[in-house]
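Here is the structure we will look at.
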Amino acid sequence: MRDDVEIVIPQYYREGFFSKDSLLHPELQGGQYGVMGDPVPYSVRADDILTVLMLSCLVMVVIAYSHVRGFFSRHAKNFFYLPHEGTTEVTETATEVRFQVFIVFLTSLLFAMLYYFYTLRTVGETFVLSSQYYLILIFLGIFLVYYLLRVGAYSLVNKVFFGGKKNRQWAKSLLFLTAVEGLLTIPAVVMGPYFDLPVKTIALYVVFVLIFVKLLTFYKCFIIFFRQNVVSLQIILYLCALEIVPLLALWGVLGMTANSLKINF
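All residue numbers for the sequence shown refer to the numbering used here, where the first residue is 207 and numbers rise by one.
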């Protein structure tokens, strides 16, 4: 049996240069192992807040539509109807009026989210704002101002040239067309980020919706205001001044806003 031999380790093996330093704590573990990976890029489908927001919009639309189903069916049936001077107007209920105001707000929110998705893909993903959700709020405010100015411009011009009954008919038709525009925009907002549709496909669909609604607006404007006095130049100037020019101005304001808030490296 071999005797135990005491092994003596020299002090320079047991102590290092920093062994007497008060900042040295070998019992604490620290540092990272492996190679640092790239951060996961931002994705709309992985954004829980936007997902909850879109689902909330869909649920509110379904609930609101279930309460005013007759409003939509009545306006859809009477949209292509030629109004006469002796026709009695159908008074809308307070619920239907609130529904139309809600639809205008919802339409503004949907277009704000749609332009937000467009901005992320074409302009950039970094902005001077502390949160990207503020960008949606800014776009929402721009669209709300656009619709308010649109209604105000129509009211001001129509009071000068047309009677009160025609103005009321046009105001109801304009709100109905805005509601249709918002409802037709829902597929683009939902399917774009969650089904990875190309930007070109979404843009073509939105342009189709806008052209379709503008054609309906042109038709309803002609039926209410210009059916008896057919003046082609007058109706073209009327719609260009109150529809096309504000729409182009809106597009320019949105583009300047997105570019001014973008961080340029």
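Cβ coordinates follow ideal geometry from the N, Cα and C atoms, glycine included.
Coarse secondary structure for residue i, derived from DSSP in three states
i	result
A464	helix
M207	Here M207 scores only 48 on pLDDT, less than 50, and its place in the model should not be relied on; the value that follows carries that caveat. M207 falls in the coil class under three-state DSSP.
F414	helix
F308	helix
S361	helix
D253	coil
T299	coil
L320	helix
L403	coil
Y425	helix
Y340	helix
Y480	Residue numbering for the chain in the displayed model covers 207 to 471; residue 480 lies beyond these limits and cannot be assessed.
Y287	coil
C-beta contact flag for residue i and residue j at 8 angstroms
i	j	result
H302	F323	In the sequence on display, residue 302 carries Glu and not His. No, the pair does not count as a contact, with Cβ atoms beyond the cut-off.
T332	I469	yes
A377	L448	no
V334	L467	yes
A473	V366	No information on residue 473 is available, as it lies outside the stretch 207 to 471 that the chain covers here.
Y353	T384	yes
M260	V396	yes
I255	Y339	yes
A318	L362	no
L403	C427	no
V310	L381	yes
E387	V419	yes
Q375	I430	yes
V405	T328	yes
T463	I344	yes
I342	L460	no
In DSSP terms, what residue i is bridged to
i	result
F333	K468
Residue range of the unbroken alpha helix (DSSP H) whose run includes residue i
i	result
E387	370-400
F432	Neither: F432 is in no alpha helix (DSSP H) and is coded neither H nor E.
A282	275-284
Any non-hydrogen atom of the ligand FAD closer than 7 angstroms to residue i Cβ
i	result
F428	Only the bare structure without any ligand can be found here, which leaves the ligand FAD out of the picture.
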